[in-house]
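Colleague:
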Amino acid sequence: MAQKNTLSKKRTLVSDDNVLLPKVYINREVDDKLRRLAFFRKQSRSELVQDILRQATAKVNLHTSIRKLLRLDKRRPW
């Protein structure tokens, strides 16, 4: 069950299909880009975040991994 707090500046990223994910807070701009990227890749948002978390190392935070992934996927106009 996805829950979002749209009143605050941050949004909680929760899995849409009951996949266990760590609780991650991201800003709305990044969240909107993630939604679009997941749509174009025909993945759920939680699958996309799991892919990002698999690629992330302890030294690289989640936002850096998301930005790197978005730079690699420049085929899609935002």
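The working numbering puts the first residue of the sequence shown at 303, with every later residue one more than the last. Just so it is clear, CB atoms sit at the ideal spot from N, CA and C, and this is done for glycine as well.
On the DSSP letters alone, give me the boundaries of the alpha helix (DSSP H) that Lys335 sits inside.
Modeller: Run containing Lys335: 330-342, per the alpha helix (DSSP H) assignment.
Colleague: So is Asp334 buried or exposed if we call it buried at 16+ other beta carbons inside 10 Å?
Modeller: It is exposed - the Cβ of Asp334 has fewer than 16 other Cβ atoms within 10 Å.
Colleague: Alpha carbon to alpha carbon, how far is Arg330 from Thr366? Give it in angstroms, no decimals.
Modeller: Approximately 15 Å, taken between the alpha carbons.
Colleague: Would you decide whether Asp318 is buried or exposed? Buried here means 16 or more other CB atoms lie within 10 Å of its CB.
Modeller: Summary for Asp318: the model assigns pLDDT 48, below 50, so the residue's position carries little reliability; its value from the coordinates is reported in the next sentence. Result: exposed.
Colleague: What's the gap between the Cα of Ile368 and the Cα of Lys344?
Modeller: Whole-angstrom Cα-Cα distance: 17 Å.
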